[in-house]
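Scroll down for the structure; my scribbles are underneath it.
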Amino acid sequence: MSFVITTTPMMEAAATELANVGSSVSTANADAAAITTKITAAGADEVSTAIAALFSGHAKEYQALGARAAAFHDQFVRTLSATANAYSGAEAANVTPLQEALNLINAPTMAVMGRPLIGNGANGTPGTGQNGGDGGILFGNGGAGGSGSQGNPGGRGGNAGLFGSGGAGGAGGDTGSGNGGNGGAGGRGGLMFGSGGAGGSGGAGGIASKGGTGGAGGTGGLFGGTGGVGGMGGVGGTGGGGAGGAGGHGGQLFGAGGSGGMGGAGVEDKGGPGGAGGAGGDGGLLLGDGGNGGAGGFGPGQHPGGNGGNGGNAVLIGDGGNGGNVGLGGAPGPTPGINGSGGLIGKDGVTPN
Numbered sequence: 001m002s003f004v005i006t007t008t009p010m011m012e013a014a015a016t017e018l019a020n021v022g023s024s025v026s027t028a029n030a031d032a033a034a035i036t037t038k039i040t041a042a043g044a045d046e047v048s049t050a051i052a053a054l055f056s057g058h059a060k061e062y063q064a065l066g067a068r069a070a071a072f073h074d075q076f077v078r079t080l081s082a083t084a085n086a087y088s089g090a091e092a093a094n095v096t097p098l099q100e101a102l103n104l105i106n107a108p109t110m111a112v113m114g115r116p117l118i119g120n121g122a123n124g125t126p127g128t129g130q131n132g133g134d135g136g137i138l139f140g141n142g143g144a145g146g147s148g149s150q151g152n153p154g155g156r157g158g159n160a161g162l163f164g165s166g167g168a169g170g171a172g173g174d175t176g177s178g179n180g181g182n183g184g185a186g187g188r189g190g191l192m193f194g195s196g197g198a199g200g201s202g203g204a205g206g207i208a209s210k211g212g213t214g215g216a217g218g219t220g221g222l223f224g225g226t227g228g229v230g231g232m233g234g235v236g237g238t239g240g241g242g243a244g245g246a247g248g249h250g251g252q253l254f255g256a257g258g259s260g261g262m263g264g265a266g267v268e269d270k271g272g273p274g275g276a277g278g279a280g281g282d283g284g285l286l287l288g289d290g291g292n293g294g295a296g297g298f299g300p301g302q303h304p305g306g307n308g309g310n311g312g313n314a315v316l317i318g319d320g321g322n323g324g325n326v327g328l329g330g331a332p333g334p335t336p337g338i339n340g341s342g343g344l345i346g347k348d349g350v351t352p353n
């Protein structure tokens, strides 16, 4: 038994491109026919007439072969298009009953809890800060949070059900005046198993304001799943860059903590200090490394960079996370993040110099 995998849109695109190629070749052949099949003899002598007849004969033979090739090409394109249509029809025929069955399964929980039994949560609309929808109660990933409008926070990522990953938080909205919007927090991983969603990045602030804080990463599931990465702090003006979001904790029993987000940078010489890096998340109770702390943001001119974030801790088995580096800047003052503690079996993280 043979197994065939195909992508219908690619087949349809290939058929269209081949049809365009065939049309171009046919047009070129037609343009060449008039000047190659009726070559005028260079002179009235027999040699000139014979040479003209020879080349005209070759041109006519080429046109005959070209016509046969064009017919074959057209037939091939029609066959490819028909095959793509057949696959599309088969996919549509399969999707409809499966979707109807899935709708039937999800109907009771949608009516009672407003949440499907199986399926991914809807993504938040960009520019609204809308939260992502929660995934199905049994299976499904959380939807991503929508980005925030000007200066407003991004939406929270949706939570997963029993199995699935949390949705990513939406980015905070940028603004030309005022503080940047904070990034949305990542959604929680599945209650049984699944990774937490990443936090959204903070929005950029105005010249006299501060960048938004990055969203925290989501927590991993009960039996396993890594914590989500914290969102990066937004770029800021005189108020400084926004702080990076904290990394999410690993699953309660198994899973590594997420890394903290990097602090946002100040801009230009008149900008403020860099934002602090986010703390790394802790590892799972039985097994899992702590997440690394985020690096501090850049401080422009005579302003200091941001402090590094602390590393996350391990509990039973696992290494502690490294502390985050300080951000580069034109003034002293920032401190690196403190390393996380290793588990009973594991080593401590590293604190940068």
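Under the UniProt record's numbering, the very last position in the sequence shown is 353; numbers go up by exactly one each time. A virtual CB, placed ideally from N, CA and C, is assigned to each residue, including glycine.
Three-state class that DSSP yields for residue i in the structure shown
i: G57; result: helix
i: G251; result: coil
i: M1; result: Only weak support is given to the placement of M1: the predicted model assigns it a pLDDT of 42, under 50, and the value that follows is read from those uncertain coordinates. Reduced to three states, the DSSP call for M1 is coil.
i: P126; result: coil
i: G261; result: coil
i: F298; result: coil
i: D116; result: Just to set this straight, residue 116 is Pro in the shown sequence, not Asp. Correct three-state label for P116: coil.
i: I51; result: helix
i: L287; result: strand
i: I35; result: helix
i: I207; result: coil
i: G121; result: coil
i: I105; result: helix
i: P334; result: coil
i: P304; result: strand
i: F193; result: strand
i: G266; result: strand
i: G66; result: helix
i: D72; result: Correcting the residue identity first, residue 72 is Phe in this sequence and not Asp. Helix.
i: G22; result: helix
i: residue 359; result: Summary: the structure shown does not reach residue 359, with the chain confined to residues 1 through 353, and so no result is reported for it.
Buried versus exposed, by CB contacts within 10 Å (16 or more), residue i
i: I338; result: buried
i: R188; result: buried
i: residue 355; result: Because the chain is modelled from 1 through 353, residue 355 falls outside the range shown and cannot be assessed.
i: M232; result: buried
i: D174; result: buried
i: K38; result: exposed
i: L222; result: buried
i: P336; result: buried
i: G306; result: buried
i: H249; result: buried
i: N152; result: buried
i: P334; result: buried
i: M1; result: Here M1 scores only 42 on pLDDT, less than 50, and its place in the model is too uncertain to base an answer on.
i: T27; result: exposed
i: S177; result: exposed
i: M113; result: exposed
i: N159; result: buried
i: A42; result: exposed
i: residue 354; result: In the structure as shown, the chain begins at 1 and stops at 353. Residue 354 is therefore absent and cannot be evaluated.
i: S201; result: buried
Expected contact under 8 Å - CB spacing of residue i and residue j to nearest Å
i: R156; j: G132; result: 7 Å
i: G196; j: G258; result: 7 Å
i: residue 356; j: G135; result: Outside the modelled stretch of the chain, which goes from 1 to 353, sits residue 356, for which no answer is possible.
i: G124; j: A144; result: 7 Å
i: G245; j: G220; result: Not a contact, Cβ separation roughly 16 Å.
i: G164; j: G190; result: 5 Å
i: G166; j: G205; result: Actually they are not in contact, since the Cβ atoms of G166 and G205 sit about 27 Å apart, beyond 8 Å.
i: N310; j: A279; result: 5 Å
i: G230; j: G148; result: With a Cβ gap of about 17 Å, G230 and G148 do not count as contacting.
i: G215; j: N182; result: 7 Å
i: G343; j: G293; result: Their Cβ separation, rounded to whole angstroms, is 18 Å, which puts G343 and G293 out of contact at 8 Å.
i: G308; j: V326; result: 5 Å
i: residue 358; j: V267; result: One cannot answer for residue 358 here, as it falls past the ends of the chain, which runs 1 to 353.
Neighbourhood of residue i by C-beta, 6 Å cutoff - its chain only, sequence neighbours within 5 removed
i: A265; result: V235, G241, G274, G297, F298
i: G119; result: G136, G140
i: V77; result: A15, L18, A19
i: residue 359; result: This structure cannot speak to residue 359, because the chain is shown only from 1 to 353.
i: G66; result: N29
i: L117; result: I105, N106, T109, G136, I137, L138
i: A70; result: S26
i: L328; result: F298, G305
i: V21; result: none
i: G224; result: F193, G251, F254, G255
i: D282; result: H249, G257, G290, G312, N313
Cβ shell of residue i (< 8 Å), same chain only, five flanking positions each side left out
i: G330; result: G299, P300, G301, Q302, H303, P304
i: T83; result: M11
i: G239; result: N179, G205, A208, S209, K210, G211, G272
Same chain, Cβ closer than 7 Å to residue i, five either side skipped, listed in chain order
i: Q63; result: N29, A33, T37
i: Q252; result: L222, G284, L285
- Report yes or no: do three or more beta-carbon pairs, one from the segment 283-297 and one from the segment 315-326, lie closer than 8 Å? yes
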